[in-house]
Structures are given as structure tokens and as C-alpha cells.
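Inspection log for the structure reproduced underneath, given as C-alpha cells.
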Amino acid sequence: MTLPNHPSARTASRRAFLAVGIGAAAGAGVLSSLGAAAPAAVKAKMRIGLATYNWGKDWDIPTLIANCHKAGLAGVELRTNLKHAHGVEVTLSARERAEVKARFADSPVRIVSIACSERMDWPQPEQLQAAIEAAKAHLRLSRDVGCDVLRVFPNQFHAGVPHVQTIEQIARALNELGAAAAGLGQEVSLEAHGSAGELPTIRAFMDRVTRPSVRVRLNCDPRDTKGAGFAANFNLVRDCLSRIIHLHDLNDPDYPYALMVELLIKAGWEGWALMEQDQVVADRVAAMIGQRELWESMIDKACNIDKEQTS
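Using this note's numbering, read the sequence shown as starting at 3 and increasing by one per residue.
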């Protein structure tokens, strides 16, 4: 959803136009300076991991660590609110949180994100405030278990509520969460999710958000290709990307994963791309290895394309 008559929409359009040219030129310079070492250097910055939703939902912490390590994945996102087997929830005591933190600290796998279900779109003030307070509790949980990123949702527009009113409400909630996050050394990662989660709408939120601790999480949604296309939509949020993105099936030909990888490299993005998978597979560890290898091959190809263009 776009707001063509709102000043933020015009600002975002100009920002997107400038980012396409400036970002591509700057990114090419960075990659050309890396030379032959570019793929290895980029892989060290753009790492792939696992979201426990859904492939890891029935793995306890020891199994989760073991299977991620087998698959060559060093980062994991723990989904809360859904009774996943890892058991990391806001109900954990201080001692239990310390135990979780120590267990991951002593392993080759780190917690790179906590993903909660809280959404900032509730029309009812009491439900909205409850969601904000629950998200703050998750920020404290994230800190206590050694993580520094919390995922939240925008999430939907509601019948009878003007879109701009919902956008302003969500932005205010994000500013409140951003202030709490800053005091805890955390990032609020706003996932592009729900009917209020299209990237032009996400840009409208961010034009109203003043807290640098609030960032945008790409969710590899087919809607990212709508309107002016993927590159233009990507550039709307390029300057405020979270350190975490969600991947789905990298084999899906209908989503421009290869182009996304190229644009992330050119943007100088550093972080974790996490597998959030719905497919039922016979061997999840083997499937994780396959997705990791495909991600790494996309980085190799993107680096080689750039070297050819700048040589």
C-alpha cells in the first residue's frame, strides 16, 4: 500500500531512486577492492542459519545445536509463543536464562534472533499496550540468553481504520520499543509480514520511526516484486535493513533470490539469512545443507558477476 499524497511517500520515492544508483556504484567499488578474495569475505559477512520455525520446532537445545553444526550453520533464531521444543520463553527464570546462554556460549552455534508473535496493529488500546509490554519482556529475554535481535510484526490493516492511522500507531509503538531496546543493547527487527507488511508501507513506518535500534527484516515475500519491481522495493528499505532476514525455499523460481543476494552485497549488508521453512522433508539436516550450499553458490555467482562488470 502506497500513500502517494503523503510527504513520506515522495521522500521514499526519491530515496529509492538515489539508492539504486548510489548503492550500485558504491557496492561495485567495495567488491572490486576485495578482488579474488571477495566470495570468501562476503560469505563471512552474509551467513546463513536456521529459524526454528518450522524445521527446528521439535528439536531441544542439544539437538538443535548438533543438527545446525552438522549442517554447517552457526546461527539460530528461537521462535517463542508456539511451544517449540527448545523451551526458551519469557517464563524462564533468571537461572534458566543463564543456563541457556551458557549452553549456546559453549557451543559452535549462537542465538542470533528471538522471534516473538507480538504485533503492533491492534485497534484496541489495551491489546496494543499488552503487545508492547510483551515485546519488551522478549527484549529482556533476548538480552538474558545472549542474543541482541528481537523480531516483531507490524501486522495488518483493519476494516474501518484509515491506513494512515494504523501506520502512525505502529510507528509510535516501534519508537517505544526502540527506546526500550536501546537501553538493553537490542535491535527491534520489524518483519515485512501481514497486509501492513508490503515494503512501501514498511518505508512509511520507517519515515516516522526515530529510533535507530528499529530495523527492517526482509521476509522474501512474493509481494516484494510488485509495483516498480524488486530492486526498487528493496531500495526503499536498503538504508534500514536489520541484521536478520528470513529465507524460504531458495529453489523457488518465483522469488528473485539471486538478485536479492546481489543487492545485499552491493549494500554492504552484514548479518544472518535464516531458513524459515514450511516444506515437509524426509531429512531436515540434509535439506539444511542443500539450502546452505545454494546460498553460498549464489554469493559466488554474484561476486563473479560483479568482477566481470568492473574488470
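Heads up, the beta-carbon is just placed ideally off N, CA and C, and yes, glycines get one too.
If you follow the alpha helix (DSSP H) that residue i is in, where does it begin and where does it stop?
i: Ala-144; result: Note that residue 144 corresponds to Ser in the displayed sequence, not to Ala. Unbroken alpha helix (DSSP H) run through Ser-144: 127 to 146.
i: Arg-1; result: Any question about residue 1 goes unanswered here, given that the chain covers just 3 to 313.
i: Leu-261; result: 259 to 268
i: Val-239; result: 232 to 239
i: His-71; result: 63 to 72
i: Val-44; result: 40 to 47
Could you tell me if residue i is buried or exposed, where buried requires 16 or more neighbouring beta carbons within 10 angstroms of its beta carbon?
i: Ser-95; result: exposed
i: Glu-200; result: buried
i: Asn-253; result: exposed
i: Asn-83; result: exposed
i: Ala-53; result: buried
i: Ala-175; result: buried
i: Gly-162; result: exposed
i: Thr-168; result: buried
Just verifying my parser: in three-state terms, what is the DSSP assignment at residue i?
i: Arg-97; result: helix
i: Ala-121; result: Strictly speaking, residue 121 in this sequence is Arg, with Ala absent from that position. Note: Arg-121 maps to strand in three-state DSSP.
i: Val-283; result: coil
i: Phe-106; result: helix
i: Arg-294; result: helix
i: Ser-191; result: strand
i: Ser-329; result: Outside the displayed span of the chain (3 to 313) sits residue 329, for which this structure offers no information.
i: Gly-77; result: strand
i: Leu-243; result: strand
i: Gly-199; result: coil
i: Gly-162; result: coil
i: Gly-58; result: helix
I believe residue i touches residue j by the beta-carbon criterion, under 8 Å. Please report the beta-carbon distance rounded to the nearest angstrom.
i: Pro-156; j: Leu-192; result: 6 Å
i: Leu-243; j: Leu-220; result: 7 Å
i: Ala-184; j: Val-211; result: With 8 Å as the limit, Ala-184 and Val-211 do not qualify as a contact, their Cβ atoms being about 12 Å apart.
i: Leu-2; j: Leu-186; result: Beyond the ends of the chain as shown, which are 3 and 313, falls residue 2; an answer cannot be given.
If you follow the beta strand (DSSP E) that residue i is part of, which residue opens it and which one closes it?
i: Phe-155; result: 151 to 155
i: Ala-275; result: 273 to 277
i: Arg-217; result: 216 to 219
i: Leu-249; result: 246 to 249
Counting contacts by CB-CB distance shorter than 8 Å, is residue i in contact with chain C?
i: Asp-280; result: The chain labelled as chain C is not found in the depicted structure, where only one protein chain is given.
Q. On the three-pair Cβ rule with 8 Å, is the stretch 70 to 78 touching the stretch 118 to 131?
A. No, the stretch 70 to 78 is not in contact with the stretch 118 to 131.
Q. So, do the stretch 242 to 251 and the stretch 271 to 282 have three or more beta carbon pairs nearer to each other than 8 Å?
A. As far as the Cβ criterion goes, the stretch 242 to 251 touches the stretch 271 to 282, which means the pair count is three or higher.
Q: Examine the Cβ distances between the stretch 43 to 59 and the stretch 263 to 278 and report whether three or more of them are shorter than 8 Å.
A: Under the Cβ criterion (8 Å, minimum of three pairs), the stretch 43 to 59 counts as touching the stretch 263 to 278.
Q.
Could you check whether the stretch 102 to 110 touches the stretch 156 to 166, counting it as contact only if at least three pairs of C-beta atoms, one from each stretch, sit closer than 8 Å?
A. Not touching, per the Cβ criterion.
Q: Give a yes or no on contact between the stretch 55 to 72 and the stretch 281 to 294, applying the rule of three or more CB pairs nearer than 8 Å.
A: Cβ pair count under 8 Å is three or more, so yes.
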